[in-house]
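Here the structure comes first, spelled out in structure tokens, and everything after it is commentary.
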Amino acid sequence: MVNKVLFFDDDINWAKTLDGYFKGSKIDFCQVTTIADIRAKITQDSTYDIVIIDISNPKRSILEVIRYIKLNFPSVKMILTVSDIKILNKLGLTGGALLKLGVEDVVVKPYSKEILIKSINGIKQFETWKTLKNVSEEEDDQEETVREPDDYFTGVKLENYVSGSINVFDLYLRTGRNNYIRIFHRGKKFNRLKIEKYQSNEKINYLYFKTADRGTYINFTNKLLEKMVDKDLNVSKKAGLVKEVSEIYIDEIFTKGIDAQIVTEGESVCRNVFNLIQEDEILFELLEGYLNLEKSFRSHLFGTMFFSSVICKNVTWASENTVEKTCLGAMLHDIGILKLPEIFKTLSVKAMTAGQLVQYKNHPAAGVEMLAKFPSISEPVKQIVYQHHEMADGSGFPNGLPGIRIFPLARIVALANCFSNYIVEKKMAPKQAIHEFVMERNTLIKFDQALIKSLIIGFIKKGKA
Amino acid sequence: MNKKNLLIIDDEPDILTILEVLFEKYVNRVFKAENGLIALDLIKQNKIDCIICDINMPQMSGIEVIKKIREMGNEVPIIFYSAYGNQEYMLKAGEYGAYDFISKPNLHQLEEVTVNALKSGIDSLYDQTTQPQVDDHILEYQKLLKKVDEK
């Protein structure tokens, strides 16, 4: 039971937020705003259970204080908070180094009260799978039948599943409705032969993990993708993985909601997708594979993000930062639909009644309202969500803005959104669809012509215009 | 790109100085305005190619500044560089045709976005006509599609 927490953060505004978090709680909470005070406080009073140190503004002296606490007060738990994960890398604080320094967890700012309390109570929030490497090298020979609702599980295509040597979460095979066999255990050695054993009896297409482990899957797969970019690995494997992690990420934000860490993961997903499609082979593998997507809400969101990346690749003014903002906006563009009845996820605009259409046209504003609660979502992303139905000829909504006034990144997502829908509606392969799409004059006038050109160039192997 | 002029509007003199130092190497001239009224005068008298504007300023907010600029028929790219802003204000700024929004103090992002805005220029970013001239482009698209087929 945690009773006493010492907290350091030199951001006065954030310190005020924390005050609010702990007001009326049972935790005895003491805040300091200088690094020297951390050392002084803990030396005067060694009864603190946890010290939480913000390293967003990294200074050498912070590392010295962390070492001091580890050496002199080994029973005190340390948690770090940071505004950007990249700061950890800059300080050389990778998984192993953190463990050596006695850091139990890292929480990304801005975090919610719930996230912080979880971390304080020992439920790790940061790359927990990394610590598994030290847990066990034993063979995983136990299997057990599990009877739980299908909703508790998330499937990943077997051909796209990439494992490390150790399982980072439990893995299951589905044997029937609400019936599973746990074939791999978290922390135990992964053994592909075991899957092959099952494959010999029955064709297995999917492996399953608990939906509660989805965050771990996304984080783990993002890190793998980062490493895969420069590796000469099977192209379809890379393409499949990028599609799989994107869709599972979309599931995570649309069912669990958004917190600071999930936004950081989203940026990684976008960066990985974009970096991988810089390789022409990957781009074409994904383009070819697009038709195989099932017609679902998450497939549409992935499609919009994917075609936004393709357009960004060929737009001269799109920097790396632009790409991340655009792709995240593309993944979130329809988040306001969650405020509407379920039917709107699948109902096409053409099939809507006049009343439904009025409701539907409110989804961009509803989306911004939902995102406004999350300071980690940047303003450009919210503008994309708000303006993704604005059209260059002024026929769009919610404001019927003329092309010249539409936010540049929203124009990219608007075109990607339309093309992604077009492919599904016409049931065409992307290459065939782009020919037809470009012949529809009434559609073309709705978009920035430079962006249409960028989209077409995406289909030509040699990349940039 | 060095023939272009940049205008920075911010009520904090330190920000004006920092941004002037940051951007003077990229442009012909950096104009500075401590408030919206001075900015509007500068825009009337000079050709400005890009504007960096704070949102929360006394006398005239960034939203009022962009509104006045658009009323003058000027569609210059405007980048909002601000610590925070009321969501409703931000959406309004977007409706007046903001080029981008960067949160203070992200100087690196601001530099990247501004340099891109200056480099691309208004002509490549915006089709200035309200009805895009699609027919002019279709021929070019057809040539590109032939290359798609050749792949």
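Taken in order, these protein sequences are the chains called A and B.
Count along the first sequence from 1, add 566, and you get the number used in this note's numbering.
Count along the second sequence from 1, add 77, and you get the number used in this note's numbering.
Note that CB positions come from ideal geometry on N, CA and C, so glycine has one too.
Between Thr741 (chain A) and Thr787 (chain A), the alpha-carbon positions lie close to 25 Å from each other.
Secondary-structure assignment with DSSP links Ala110 (chain B) through a beta bridge to B:Ile86. Excluding the 5 residues flanking it on each side, Lys181 (chain B) has same chain C-beta neighbours closer than 7 Å at Tyr158, Ser159, Ala160, in chain order.
Checking the DSSP bridge columns, you'll see Ser159 (chain B) partnered with B:Ser180. Spanning the alpha carbons of Ile215 (chain B) and Lys144 (chain B) requires a straight line of approximately 35 Å.
In summary, the residues of the stretch 990-1004 of chain A whose CB is separated from some CB of chain B by less than 9 Å are Lys997, Ile1000, His1001, Val1004, in the order they occur in the chain. For Tyr103 (chain B), the secondary structure class from DSSP, reduced to helix, strand or coil, is coil. For Asn965 (chain A), the neighbours in chain B by C-beta distance under 7 Å run, in chain order, Glu172. For the stretch 144-177 of chain B, residues whose beta-carbon sits nearer than 7 Å to a beta-carbon of chain A comprise Glu152, Gln164, Met167, Leu168, Gly171, Glu172, Tyr173, Gly174, Ala175, Tyr176, Asp177.
Here DSSP, grouped into helix, strand and coil, assigns Gly730 (chain A) to coil.
Residue contact with chain B for Gln949 (chain A): present (Cβ-Cβ distance below 9 Å to some residue of chain B). Remark: C-beta atoms of Tyr614 (chain A) and Thr647 (chain A) do not approach each other more closely than 9 Å. Taking each of A:Val990, A:Glu991, A:Phe985, A:Ala995 in turn and checking the Cα distance to Val1004 (chain A), the smallest one comes out for A:Phe985. Here DSSP, grouped into helix, strand and coil, assigns Glu227 (chain B) to helix. Inclusion of Leu724 (chain A) and Ile770 (chain A) in the CB contact set at 9 Å is warranted, their separation being smaller than that value.
Within chain A, the residues Lys997, Ile1000, His1001, Ile1022, Phe1025, Ile1026 have their CB atoms less than 8 Å from the CB of Val225 (chain B), given in chain order. The beta carbon of Asn133 (chain B) does not come within 9 Å of any beta carbon belonging to chain A, so the residue lies off that interface. Counting along the chain, Gln949 (chain A) sits inside the alpha helix (DSSP H) bounded by residues 945-953.
Beta-bridge partners assigned by DSSP to Thr711 (chain A): A:Ile747. At least 9 Å separates the CB of Ser138 (chain B) from every CB of chain A. Contact between the stretch 923-935 of chain A and the stretch 903-914 of chain A is present: three or more C-beta pairs spanning the two stretches fall below 8 Å. About 6 Å separates the beta carbon of Leu975 (chain A) from that of Gly895 (chain A), a gap short enough to meet the 8 Å contact definition. The residues His899, Pro930, Ala976, Val979, Ala980, Asn983, in chain order, have a CB closer than 7 Å to that of His954 (chain A) in the same chain once the five nearest residues on each side in sequence are set aside.
For a cut-off of 8 Å, the C-beta gap from Lys675 (chain A) to Tyr587 (chain A) is around 13 Å, too long to register as a contact.
With the criterion set as a beta carbon lying under 9 Å from some beta carbon of chain B, the members of the stretch 882-901 of chain A are Thr882, Trp883, Ala884, Ser885, Glu886, Asn887, Thr888, Lys891, in sequence order. With its beta carbon at least 9 Å from every one in chain A, Glu89 (chain B) lies outside the interface. For the options A:Val951, A:Ile814, A:Ile616, A:Ile989, the alpha carbon positioned closest to that of Lys570 (chain A) is the one of A:Ile616. Around the beta carbon of Arg1007 (chain A), a 10 Å sphere encloses fewer than 16 other beta carbons of the protein chains shown; the residue is thus reported as exposed. Ranking A:Gly721, A:Tyr746, A:Asn733, A:Ile686 by CA distance to the CA of Thr711 (chain A) puts A:Tyr746 first. Within 7 Å of the CB of Tyr952 (chain A), the CB atoms of chain B belong to Leu168, Gly171, in sequence order along the chain.
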